[in-house]
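6 protein chains.
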Amino acid sequence: MLKVVIVAILALATTLVSAYDPSPLQDFCVAINNTDSAVFVNGKFCKDPAMVTANDFFFPGLNIPGNTLQVNSDQVKLGSSVNLVNVDNLPGLNTLGISLARLDFAPYGLNPPHIHPRGTELLVVMEGTLLVGFVTSNPNKLFTKVLNKGDVFVFPIGLIHFQFNIGQTNAVAFAGLSSQNPGLITIANAVFGSNPPINPDVLAKAFQLDKNVVDYLQKQF
Amino acid sequence: MLKVVIVAILALATTLVSAYDPSPLQDFCVAINNTDSAVFVNGKFCKDPAMVTANDFFFPGLNIPGNTLQVNSDQVKLGSSVNLVNVDNLPGLNTLGISLARLDFAPYGLNPPHIHPRGTELLVVMEGTLLVGFVTSNPNKLFTKVLNKGDVFVFPIGLIHFQFNIGQTNAVAFAGLSSQNPGLITIANAVFGSNPPINPDVLAKAFQLDKNVVDYLQKQF
Amino acid sequence: MLKVVIVAILALATTLVSAYDPSPLQDFCVAINNTDSAVFVNGKFCKDPAMVTANDFFFPGLNIPGNTLQVNSDQVKLGSSVNLVNVDNLPGLNTLGISLARLDFAPYGLNPPHIHPRGTELLVVMEGTLLVGFVTSNPNKLFTKVLNKGDVFVFPIGLIHFQFNIGQTNAVAFAGLSSQNPGLITIANAVFGSNPPINPDVLAKAFQLDKNVVDYLQKQF
Amino acid sequence: MLKVVIVAILALATTLVSAYDPSPLQDFCVAINNTDSAVFVNGKFCKDPAMVTANDFFFPGLNIPGNTLQVNSDQVKLGSSVNLVNVDNLPGLNTLGISLARLDFAPYGLNPPHIHPRGTELLVVMEGTLLVGFVTSNPNKLFTKVLNKGDVFVFPIGLIHFQFNIGQTNAVAFAGLSSQNPGLITIANAVFGSNPPINPDVLAKAFQLDKNVVDYLQKQF
Amino acid sequence: MLKVVIVAILALATTLVSAYDPSPLQDFCVAINNTDSAVFVNGKFCKDPAMVTANDFFFPGLNIPGNTLQVNSDQVKLGSSVNLVNVDNLPGLNTLGISLARLDFAPYGLNPPHIHPRGTELLVVMEGTLLVGFVTSNPNKLFTKVLNKGDVFVFPIGLIHFQFNIGQTNAVAFAGLSSQNPGLITIANAVFGSNPPINPDVLAKAFQLDKNVVDYLQKQF
Amino acid sequence: MLKVVIVAILALATTLVSAYDPSPLQDFCVAINNTDSAVFVNGKFCKDPAMVTANDFFFPGLNIPGNTLQVNSDQVKLGSSVNLVNVDNLPGLNTLGISLARLDFAPYGLNPPHIHPRGTELLVVMEGTLLVGFVTSNPNKLFTKVLNKGDVFVFPIGLIHFQFNIGQTNAVAFAGLSSQNPGLITIANAVFGSNPPINPDVLAKAFQLDKNVVDYLQKQF
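Order-wise, the sequence lines are chains A, B, C, D, E and F. So for the first sequence, UniProt numbering puts the first residue at 1; every next one is plus one. So for the second sequence, UniProt numbering puts the first residue at 1; every next one is plus one. So for the third sequence, UniProt numbering puts the first residue at 1; every next one is plus one. So for the fourth sequence, UniProt numbering puts the first residue at 1; every next one is plus one. So for the fifth sequence, UniProt numbering puts the first residue at 1; every next one is plus one. So for the sixth sequence, UniProt numbering puts the first residue at 1; every next one is plus one.
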């Protein structure tokens with residue numbers, strides 16, 4: 001019985017749920033990342049402020065290139081890598097409404113069409129040449145641009161966007177995002193790779209695809 | 001010269017830009033829908049409150065079934081129809097954070113996978129049987145349910161969702177959305193039907209499709 | 001002693017306090033509805049997201065007419081019934097800023113003057129004929145309209161409004177509200193039926209009523 | 001013709017619509033109070049910041065007692081006076097989310113039951129003895145207290161509240177409100193004194209009053 | 001072991017962290033001020049609403065002059081005193097976005113340059129003569145004014161401001177602030193008196209001061 | 001006369017006032033940067049969305065090192081340079097809540113103690129070694145850290161912070177800020193270099209400095 005009690009208490013801190021937009025109500029509210037969890041809040045529980053140290057606001061290693069040879073969980077090799085510093089790995093970001101990412105691209109590497117449901121992305125190219133774009137809500141207008149070293153581009157919150165290395169060399173970019181937990185919806189994976197899969201009739205009709213193609217795609221993702 | 005001046009002034013009211021989340025700062029702020037426009041704000045300009053009448057808060061005709069035989073702008077027949085009452089056609093909704101839709105479905109009609117970037121949808125079925133679902137951000141978990149008459153289901157803001165009539169009769173639903181301008185991104189159209197089209201290399205790589213298939217799809221949407 | 005501990009832990013989830021406006025900080029944050037409670041937050045504590053199922057986003061039965069013959073808690077028969085689907089009975093609504101209601105009216109049934117302090121109401125008439133209206137803040141202007149089947153009307157947040165069945169048949173309406181917990185202040189009940197009662201000198205002076213009438217009214221509500 | 005143009009331009013600044021909750025997007029945004037107006041925004045248009053002076057942030061005369069002998073617009077003598085400093089008379093308050101009021105009470109003077117739809121009120125008594133209270137949303141619980149010099153009490157946003165001088169001397173209080181335009185709904189006036197009047201059948205049924213009494217009250221307010 | 005459990009539970013309520021801007025999600029959410037704490041939220045945990053009484057919204061004693069002879073924690077006698085009523089001593093203010101302060105000044109007393117990072121201040125002079133001012137963000141423009149009895153002045157959120165008694169008598173003022181926890185950064189103390197001290201090379205270079213002067217100042221504060 | 005009219009109209013777009021926190025109410029709202037201005041809003045007026053192009057979301061040149069030899073406007077050579085990309089030079093950022101900066105430091109260069117009143121800063125070091133820190137609101141605790149290449153550190157909104165190159169080589173950093181117009185208050189300049197100057201009695205008393213030193217400092221800044 002007592003064991004149950006302890007588990008329930010540890011549950012007050014959590015890993016999976018994270019925080020975003022509402023204003024901070026104190027100087028800071030450093031997230032607690034416990035792995036046992038049963039009770040959550042909108043955002044994250046916080047650490048006792050008297051226990052907070054400078055390390056809670058610190059994250060190292062963003063100078064290290066990401067592995068663009070990785071095969072992602074859906075067995076698709078895209079030739080890109082995103083290292084996101086958000087409230088999950090930099091707990092001091094909690095309640096503060098910002099995160100940061102390093103993006104690496106092999107030649108012809110792609111960060112495929114995706115949405116951040118809770119954040120605008122502001123990207124600066126450090127090395128290489130990227131074709132980038134975003135599509136507005138209906139009607140669907142594409143805004144696209146080729147970016148070189150030092151170029152900055154903004155992808156508005158909630159819109160589908162992508163970055164594609166059209167150069168023959170590696171490319172590197174950094175991006176700020178307007179949330180400590182911007183979220184990520186990779187369109188192809190969400191549509192064809194959800195768990196459980198979406199009813200194939202829905203996808204065949206929506207994408208004007210033969211059901212065999214839908215079946216093939218659902219196996220890929 | 002004077003003509004130019006007048007046009008610029010009319011431009012203060014606008015049709016295309018609409019309003020959503022920030023709190024109202026007065027009892028109401030009825031949107032002005034002018035078609036000449038050159039200057040905009042975050043949301044909409046408003047009507048002189050002394051000129052406002054009850055009709056500014058009124059919209060008729062939601063008892064009329066939508067045309068589910070329609071062929072949408074991308075020449076795709078889905079067998080569904082959505083009649084959305086938002087700030088564009090009910091100007092009194094401006095600054096008030098809510099809208100309403102009537103959804104009609106022919107047998108096997110589909111409201112295809114889409115996102116409302118600025119609104120949660122709360123749906124109630126009036127007639128028929130719908131298979132509905134939404135997919136979370138990565139990792140992509142599908143939550144799905146069969147709904148009958150009187151059933152209510154919620155689709156959280158910013159997530160991909162769909163409604164599919166799996167019955168042999170027409171289906172009707174009403175939905176409230178948590179914004180006066182929730183926005184709509186129909187996934188298939190935004191990805192394969194944007195104007196101009198997304199670079200086909202991007203889509204072929206992202207969706208694991210042969211470029212011929214991408215080319216075919218881009219012609220459909 | 002141990003018993004006390006357990007009760008305190010259960011208190012983390014609660015029934016009475018509910019959530020509304022601040023943005024969601026994750027895809028969803030399904031409310032936990034525990035009845036034992038001692039610790040609360042602004043809004044509601046949430047369920048472990050790994051335990052969430054489609055049923056957490058589901059509520060059945062809104063096809064069933066409300067009982068318009070009911071006598072409310074203040075022994076007043078108004079001939080109306082409101083069935084509200086909010087975060088208290090549809091926990092998936094937590095943090096998502098919307099709720100839904102079914103309103104039934106007997107002939108001459110009244111939903112009396114009331115305020116939703118945290119929500120705008122957007123109503124559509126399904127059957128019957130309603131006289132509706134809202135009153136602005138000082139100076140008090142009435143906006144009023146007769147609504148028939150398919151008509152939509154918006155009642156701005158925080159303003160006094162009412163719906164009155166002026167037809168000889170039953171009337172039915174559905175309404176979206178811009179909060180998962182819009183709140184409800186029925187004016188007559190709040191003023192004349194509070195517990196404990198408001199000092200009758202205050203009410204007699206405010207409403208220009210004889211103290212005997214105030215006394216009578218305080219007994220009614 | 002030119003005259004029309006000029007009027008339209010002046011219309012960009014307005015008196016009647018005011019601003020409240022959304023965060024300021026610059027150090028300040030001093031409201032412009034023009035009397036000609038045809039175009040409005042959520043909140044107020046602002047003055048050129050280069051033209052702003054210290055006087056835009058200044059308002060004199062809150063040391064002067066209000067006239068508690070006044071007969072208000074509804075011909076009701078309540079023995080109280082409220083002098084509100086909000087964005088309408090202190091334009092520097094625009095976008096800053098706060099206002100201030102001086103309240104004067106003759107012996108037995110009453111600030112009758114009312115609601116601020118957009119603001120919490122925090123009151124401090126300077127002189128005299130006040131009976132104060134507020135009523136929660138349904139179910140309607142009254143929280144009440146007798147306040148003396150130096151006592152502070154908070155009335156939460158959107159709830160019905162009142163202040164009543166139960167002493168035999170004048171009373172004075174100051175109050176901060178959490179909006180530059182908190183709004184004011186005096187319950188009795190809004191219900192019985194709206195323009196045009198609410199259908200008397202609605203009021204008779206809602207307040208359990210004889211229609212003759214409703215008729216009498218509608219003439220009073 | 002059981003003891004550990006109990007401490008962890010008490011930790012759910014806390015003294016040090018407080019709440020501000022996001023909208024209230026219920027009528028009220030009275031803060032709990034426990035001194036044992038290990039788990040926090042953005043803002044404060046709340047009391048069971050069924051246990052709330054009128055005293056939770058009440059704070060006495062603001063008629064008592066502050067001690068302007070006090071020597072503050074940095075051993076500096078400034079001749080002023082601020083008595084702030086915020087969510088820490090008036091728990092009913094939690095989630096409601098407002099606080100109140102009484103300011104007392106001895107002749108030539110100073111409330112030194114400071115910032116409220118989470119609140120605008122709206123001040124009214126009750127007695128005496130104050131020189132007040134605030135400085136905008138870069139470029140740094142000073143807005144300044146001499147205030148007498150009954151004068152009101154607003155200091156926008158996040159800007160450096162001060163109040164200085166330039167009269168030969170005591171001065172008294174009241175101020176509303178647009179947050180239940182506006183925060184306070186006294187510039188001189190934060191810069192020269194932080195714990196641990198800021199690197200003196202930083203301060204010498206930033207303030208164009210000799211390192212001996214910086215060393216002297218860091219000993220003062 | 002006509003000329004006056006035209007100027008007033010152009011005034012609808014503005015350079016000096018910028019936008020930040022409230023949510024976007026449409027996909028984007030690209031700021032208009034006109035230099036003539038007489039009417040403003042909270043934030044910025046926007047461009048006709050039909051006229052928007054990809055270049056509105058684009059800013060080049062952040063690969064170019066800033067000039068760390070510059071003498072700033074107060075004739076102080078600090079050995080640092082900040083190139084901020086915000087809504088003033090990247091109009092597509094309007095309403096989107098994020099900005100980006102490149103920071104260059106000569107050896108021993110200093111970005112002196114300052115505050116962003118409307119934004120948290122998230123910094124990543126690209127080259128060199130920086131001593132960084134921030135000070136909490138009262139009581140004033142310093143959080144400090146030495147950062148090397150690839151290290152990330154967060155400076156919470158509204159708190160005093162600094163970055164100091166303690167290496168013998170140049171240093172470069174990039175920073176995201178959680179507002180399209182975060183604002184900047186350089187403490188030493190705002191206190192000692194405002195225009196007009198703050199009353200020297202105030203500064204002498206606040207900083208415990210001899211009036212001659214205050215006089216000297218006010219001439220420096």
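Idealized CB from N, CA, C, for every residue including glycine.
Rounded to a whole number of angstroms, what is the C-alpha to C-alpha distance between residue i and residue j?
i        : j        : result
ASN67/C  : SER80/B  : 34 Å
LYS149/B : GLU127/B : 5 Å
SER194/B : PRO200/B : 12 Å
LEU177/B : GLU121/B : 5 Å
PHE28/C  : ASN170/D : 54 Å
ASN63/E  : ASN83/E  : 11 Å
ASN140/A : ILE185/B : 8 Å
ILE198/F : ILE98/E  : 29 Å
PRO65/C  : GLN26/E  : 28 Å
Between the options, which has its C-alpha nearest residue i's C-alpha?
i        : options                                   : result
VAL52/B  : PHE40/B, GLY92/B, LEU69/B and LEU103/B    : GLY92/B
PRO113/B : ASP104/B, PHE58/B and ILE160/B            : ILE160/B
LYS44/B  : PRO60/B, ASN55/B, PRO24/B and ALA50/B     : PRO24/B
ILE115/E : LEU110/F, VAL191/F, TYR108/F and PHE162/F : VAL191/F
GLN218/E : ASN189/E, LYS205/E and ALA206/E           : ASN189/E
GLY183/F : PRO22/F, PHE143/F and ASP88/F             : ASP88/F
LEU31/E  : ASN165/E, ASP210/E and LEU96/E            : Note on residue identity: the sequence assigns Ala, not Leu, to residue 31/E. Ranking ASN165/E, ASP210/E and LEU96/E by Cα distance to ALA31/E puts LEU96/E first.
LEU130/E : ALA50/E, TYR216/E, SER137/E and VAL152/E  : VAL152/E
Assuming residue i contacts residue j (C-beta within less than 8 Å), just tell me the rounded distance between them.
i        : j        : result
LEU147/B : VAL132/B : 6 Å
ASN94/D  : GLN180/D : 6 Å
ARG102/F : PHE174/F : 6 Å
ASP104/C : VAL172/C : 6 Å
PHE162/D : LYS47/B  : That belief does not hold up - the Cβ atoms of PHE162/D and LYS47/B are roughly 34 Å apart, past 8 Å.
PRO22/F  : GLY158/E : Not a contact, Cβ separation roughly 16 Å.
LEU142/B : PRO60/A  : Actually they do not touch by this definition, with Cβ atoms about 37 Å apart.
If you follow the alpha helix (DSSP H) that residue i is part of, which residue opens it and which one closes it?
i        : result
ASP27/D  : Counting along the chain, ASP27/D falls outside any alpha helix (DSSP H), and DSSP gives it neither H nor E.
PHE207/F : 200-207
PHE45/A  : Premise fails: PHE45/A is in no alpha helix (DSSP H) and is neither H nor E.
VAL191/C : 187-192
Which residue comes first and which comes last in the beta strand (DSSP E) that contains residue i?
i        : result
LYS77/A  : Note, LYS77/A: premise wrong, no beta strand (DSSP E); not H, not E.
GLN163/C : 160-165
ILE115/B : 110-115
ALA101/C : 99-105
VAL214/E : First-last for VAL214/E: 211-220, but that is the alpha helix (DSSP H), not the beta strand (DSSP E).
VAL172/F : 171-177
THR144/E : 142-147
PHE155/C : 152-155
Using a Cβ-Cβ cutoff of less than 7 Å, which residues in the same chain neighbour residue i once the five nearest sequence positions on both sides are dropped?
i        : result
GLN70/D  : SER81
PHE57/B  : GLY92
TYR108/F : GLY79 and ASN165
Take residue i and list the residues in its own chain whose beta-carbon comes closer than 8 Å to its own, dropping the five residues that flank it on each side.
i        : result
ALA106/B : THR68, LEU69, GLY79, SER80, ASN165 and ASN170
Within its chain, find whatever has a CB closer than 6 Å to the CB of residue i; leave out the 5 residues flanking it on each side and keep chain order.
i        : result
ALA204/D : LYS211 and VAL214
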